[in-house]
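Below is one structure, written out as structure tokens; the observations come after it.
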Amino acid sequence: MKDAKGEIIYVGKASSLQSRVRSYFGAGPLTPKTQNMVARVTDFEFVVTSSEQEALILEMNLIKRFHPQYNISLRDDKSFPYLKISINEKWPRIFITRRLEDDGARYFGPFTNTYSLRETVKALKNIFTFRTCNKTITVNEKKPCLEYHLKRCIGPCIGAVTNEEYIQIVKQVILFLEGKDDIAIKQLRENMERAAEDLNFEKASTFRDQIKSIQSIIEGQRIATMVQGDQDAIAFAQDGDQALAQIFFVRSGKLIGREGFVIQGTEGEDPTRVMTTFVKQFYASSLNIPSLILLQYPVDDLTILRSWLKQKRGRRVDIQVPKKGPKKKFIGNVAENARRGLEQIRIRTLISTRDMTPAMQEIQKELELPSLPVRIEGYDISNIQGSMAVGSMVVMEEGKPKPACYRRFKIKTIDRANDYAMLQEVLRRRFRHIWADKSTRSAWVPVPDLVLIDGGKGQLHAALSVLEESGLNDLPIASIAKEKEEIFTTDRSEPIRLPGNSAGRLMLQHLRDEAHRYALGYHLNVRRKSILTSTLDTVPGIGPKRKKALLRKFGSVQGIKTASIDTIQEVKGISPMLAAKIKEYL
């Protein structure tokens, strides 16, 4: 369908063109969106195809090519990243690409989050040590690159591995990405036993560490519900003209990944139509189609879709909308992820807008604050059963995060699991700066218009006692609990429940989540340093200088652990005897 300028504004398909045209231009009821579209149509073209399946494919191709205004479409669907394994090369590489080519390589995807995809490649590289460089492999290079020294490449360029052995590593990566990690583990265990029989214990230990790494990943992938086999589960959440679809990828009963896709143009659309459009557009680009696809809502053209997917996969594909049991529970989980993801998009949109005054006015009204909450401070605590406890303070001014004013605290006076006491320590240390010299402590001096605590009534009253002893009795304070997003204040017995899509609630949620993120990030950093220090400090003869030299060369304790004794003793100050002792202790 075209408008007066000849621009395509809608593409559709129909088994009966006459009936479809009548449905648009007849006397039947139309949605507001469709009414607007029909009012703009001045001309239309049609193409006759030999089958409904051919029409389906043509419809998808035209939508991707012209992006008509009134079609539901995936945002930026033409540029999703894929993971490419160049098995068409003698020494295959594994890397990220946005181009799909018929070149004999293996592709996995599409994905939407390039950062998480890079992290996946990094994790795989740490396990399987494949190459990612563009170098032409001659196997007679004299010096290996830094990746080899860091144990992140097995070194095919210097002939450290045969082509057969390298191809075996690539095959194990493919098995892992396909969700067949049990086969990968079996092959690695056979390699380990063979290396041990040949008395090549260093190689055997490398295989052993790879097995442990894969098993640790698998433990976090098992789905709580009894979902078996290979399947994709698709659900979406909708808010006006925008929706977010979530896909969970299950292979061999394990969740191997998930992706989220923003869908535009869903205002007034039936869920069945949104689901149908998404399924068609996603699998038009997808290269890995499972035997079963679970959906939150039914789809139109079910028989045609099954036939089309069967043709793409080469085998039968079943499409189900679960009504009960584990599959229904699983789809519900996917839908909840979609809902939360869409909520985060709304929060980011809210924070990026210029004027946050309506949100602040709502908070002032609902919490009965004496003034507009221009500056709000959020607090949270993070620890493991009282150990390595830290706290965070984050700041919002005029509805926008102000990272320059963020502060973090390492808990000093509490050595047991007591979140209330830890919170009190953080607040005492923060508010003692209120009366300090303004010329030297300007970042601490401003008094907030609202203090927000992550937690419920218990955390609120613990914090209130600190404000009272600090002489800040009139300072407004509230807490927000995660489970039901209830807001507690000191002068109300019942919690405040703001609407789920209200600007004020989204602002407070964002501040609470930011405080949690900042505290957790600091806690993980403290844990990482503690583990690093304690591990190396157990080795007799290793002081600060030698420890620093070892970490500079190998990058991490794991790098030192997997290095050979000969390589370790190359570090300045490390004798053969000390290198052997390091290996023994680690």
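Okay, so the sequence shown: first residue is 294 according to my numbering, each after it adds one. Ideal Cβ placement from N, Cα and C applies to all residues, glycine included. For clarity, every value in this text was computed on a predicted model and none was experimentally measured.
Sequence-distant residues of its chain with Cβ nearer than 6 Å to residue i (five each side left out)
i: residue 430; result: 384, 449, 450
i: residue 755; result: 713, 716, 717
i: residue 401; result: 376, 470
i: residue 476; result: 468
i: residue 570; result: 365
i: residue 363; result: 302, 303, 330
i: residue 706; result: 718
i: residue 665; result: 653, 657
i: residue 859; result: none
Residues near residue i by beta carbon distance below 7 Å, same chain, minus five either side
i: residue 518; result: For residue 518, the pLDDT reaches just 42, beneath the cut-off of 50, and the residue's location in the model is therefore unreliable, leaving the point undetermined.
i: residue 843; result: 853, 864
i: residue 691; result: 649, 667
i: residue 878; result: 831, 832
i: residue 610; result: 582, 584, 586, 599, 602, 603
i: residue 788; result: 779, 780, 781
i: residue 333; result: 296, 302
i: residue 325; result: 561
i: residue 370; result: Because the pLDDT at residue 370 is just 46, under 50, the model does not fix this residue reliably, and the value given afterwards should be weighed accordingly. Once the five neighbours on either side are set aside, the close Cβ partners of residue 370 are 357, 574, 578.
i: residue 496; result: 488
i: residue 436; result: none
Selection from the options that minimises the alpha carbon distance to residue i
i: residue 678; options: 820, 860, 423; result: 820
i: residue 760; options: 779, 696, 740; result: 740
i: residue 672; options: 694, 812, 552; result: 812
i: residue 674; options: 805, 592, 478; result: 805
i: residue 575; options: 337, 373, 299; result: 373
i: residue 586; options: 544, 554, 307, 555; result: 544
i: residue 770; options: 849, 669, 860, 858; result: 669
i: residue 382; options: 358, 361, 426, 417; result: 426
i: residue 866; options: 838, 463, 606; result: 838
i: residue 703; options: 684, 693, 328; result: 684
i: residue 680; options: 595, 628, 709; result: 709
i: residue 783; options: 792, 753, 655; result: 753
i: residue 663; options: 767, 612, 699; result: 767
i: residue 613; options: 629, 606, 596, 605; result: 596
i: residue 428; options: 420, 438, 422; result: 438
Bridge partners - residue i, DSSP secondary structure assignment
i: residue 685; result: 673, 701
i: residue 400; result: 377
i: residue 772; result: 746, 781
i: residue 282; result: This structure cannot speak to residue 282, because the chain is shown only from 294 to 879.
i: residue 299; result: Paired residues: none, contrary to the question.
i: residue 366; result: 557
i: residue 792; result: Answer is none; residue 792 lacks a bridge partner.
Element boundaries [alpha helix (DSSP H), containing residue i]
i: residue 271; result: Because the chain in this structure spans residues 294 to 879, residue 271 falls outside the shown range and cannot be described.
i: residue 598; result: 595-606
i: residue 462; result: 456-470
i: residue 611; result: Unbroken run through residue 611 is the beta strand (DSSP E), 611-613; no alpha helix (DSSP H).
i: residue 663; result: No alpha helix (DSSP H) contains residue 663, which DSSP labels as neither H nor E.
i: residue 715; result: 712-724
i: residue 838; result: 837-847
Integer Cβ distance of residue i from residue j, believed to fall under 8 Å
i: residue 686; j: residue 723; result: 6 Å
i: residue 484; j: residue 500; result: 5 Å
i: residue 482; j: residue 504; result: 6 Å
i: residue 445; j: residue 418; result: 6 Å
i: residue 580; j: residue 527; result: Not really, about 17 Å apart at Cβ, beyond 8 Å.
i: residue 553; j: residue 539; result: 5 Å
Same chain, Cβ closer than 8 Å to residue i, neighbours up to 5 away in sequence not counted
i: residue 535; result: 555, 556, 557, 559, 635, 638
i: residue 313; result: 305, 307
Endpoints, the beta strand (DSSP E) within which residue i is located
i: residue 744; result: 743-747
i: residue 387; result: 387-390
i: residue 580; result: Unbroken run through residue 580: none, as it is neither H nor E.
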